[in-house]
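Below is one structure, written out as structure tokens; the observations come after it.
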Amino acid sequence: AQSVTQLGSHVSVSEGALVLLRCNYSSSVPPYLFWYVQYPNQGLQLLLKYTSAATLVKGINGFEAEFKKSETSFHLTKPSAHMSDAAEYFCAVTNQAGTALIFGKGTTLSVSS
Amino acid sequence: DTAVSQTPKYLVTQMGNDKSIKCEQNLGHDTMYWYKQDSKKFLKIMFSYNNKELIINETVPNRFSPKSPDKAHLNLHINSLELGDSAVYFCASSQPTSGLYNEQFFGPGTRLTVL
Numbered sequence: 080a081q082s083v084t085q086l087g088s089h090v091s092v093s094e095g096a097l098v099l100l101r102c103n104y105s106s107s108v109p110p111y112l113f114w115y116v117q118y119p120n121q122g123l124q125l126l127l128k129y130t131s132a133a134t135l136v137k138g139i140n141g142f143e144a145e146f147k148k149s150e151t152s153f154h155l156t157k158p159s160a161h162m163s164d165a166a167e168y169f170c171a172v173t174n175q176a177g178t179a180l181i182f183g184k185g186t187t188l189s190v191s192s
Numbered sequence: 030d031t032a033v034s035q036t037p038k039y040l041v042t043q044m045g046n047d048k049s050i051k052c053e054q055n056l057g058h059d060t061m062y063w064y065k066q067d068s069k070k071f072l073k074i075m076f077s078y079n080n081k082e083l084i085i086n087e088t089v090p091n092r093f094s095p096k097s098p099d100k101a102h103l104n105l106h107i108n109s110l111e112l113g114d115s116a117v118y119f120c121a122s123s124q125p126t127s128g129l130y131n132e133q134f135f136g137p138g139t140r141l142t143v144l
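These protein sequence lines are chains A and B, in that order.
When we follow my numbering, the leftmost residue of the first sequence carries the number 80, and every step to the right adds one.
When we follow my numbering, the leftmost residue of the second sequence carries the number 30, and every step to the right adds one.
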């Protein structure tokens, strides 16, 4: 069965510091993986997606993620945090039938000046 | 133009009432979804429709009934509202391609508060 685990429900960084949000997945089939961001009182916006084309995936707003099959991980990084990055981040995997997304519990990113 | 829209954005109602949330997408997608986000921000699939046909119906009380009049619309009707129904409900749409790839586009959410 497909599942996603996001390590750390809350991550705090200083502006300009590296952002690292962790996501590990479990999948019985080759996975399709996604990172979504949710700003306060808004819907979910796709940051980036892994579709088996390349293991290093670049997304919007300077974020990127690397798919590591051996570690079953898909961690999200950004070299330099900005105040506007403060939001909720969700990692997701397509379910086994490809008919829905299974989300992790989310990680709240706080950025301080 | 908003790709996936929901109305209303906020819904405050009393226990026992019946309410509906509407969702429309203008992306030409065949598949639409309802997700529930609880107070801890956990997102879970409720329903999925493909071209007006129910595909997924997770363990959701039968007080919740989705209706898809056409493939661009997926409404959610909730009967006899309970306190535990308070949550944010998200509509989403996608155009699944080959294999299991399924990128979904989300609406802005409807915050339902049951008093």
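Where a beta carbon is used, it is the ideal one built from N, C-alpha and C, also for glycine.
The stretch 135-154 of chain A makes contact with the stretch 87-102 of chain A, as at least three CB pairs between them are under 8 angstroms.
For the pair A:P119 and B:K38, the Cα-to-Cα distance works out to about 14 angstroms. With the rule of 3 Cβ pairs closer than 8 angstroms, the stretch 47-64 of chain B does not count as touching the stretch 146-155 of chain A. At least 8 angstroms separates the beta-carbon of B:N86 from that of B:S49.
At a beta-carbon threshold of 8 angstroms, the residues of chain A lying near B:N131 are Y111, T173, G177, T178, A179 and L180, ordered along the chain. In its chain, beyond the 5 residues on either side, S77 and A121 have a beta carbon closer than 6 angstroms to the beta carbon of B:Y62. Just measuring C-alpha positions, the residue of A:D164, A:A166, A:K148 and A:A165 sitting nearest A:Y111 is A:K148. In this chain, A:I139 is not harboured by any beta strand (DSSP E), its DSSP state being neither H nor E.
Among the residues facing chain B, A:E143 is not included, as its CB has no counterpart in that chain under 8 angstroms away.
Against B:I84, the close residues of chain A are T178, in the order they occur along the chain (beta-carbon pairs closer than 7 angstroms). The Cβ neighbour count for B:D67, taken over all protein chains shown within 10 Å, is under 16; the residue is labelled exposed. In this structure, the CA atom of B:K69 is about 15 angstroms from the CA atom of B:T142. Residue pairing by DSSP places A:K147 opposite A:S152 in a beta bridge.
Annotated three-state conformation of A:L180 is strand, per DSSP.
Close to chain A, meaning a Cβ-Cβ distance shorter than 8 angstroms, is no residue of the stretch 93-116 of chain B at all. A:R101: member of the beta strand (DSSP E) spanning V98 to S105, first to last residue. Counting other Cβ atoms within 10 Å of its Cβ, B:N108 stays below 16 and is therefore classed as exposed.
For the stretch 100-127 of chain B, the full-length beta strand (DSSP E) segments reaching 3 residues or more read 102-107 and 116-123 along the chain.
Beta bridge pairing from DSSP links A:Q117 with A:L123 and A:E167. Per the coordinates, the alpha-carbon of A:A179 lies some 30 angstroms from the alpha-carbon of A:S91. Against chain A, the beta carbon of B:S77 has neighbours under 9 angstroms at T178 and A179, listed in chain order.
Judged by DSSP secondary structure, A:Y111 falls outside any beta strand (DSSP E); it is assigned neither H nor E.
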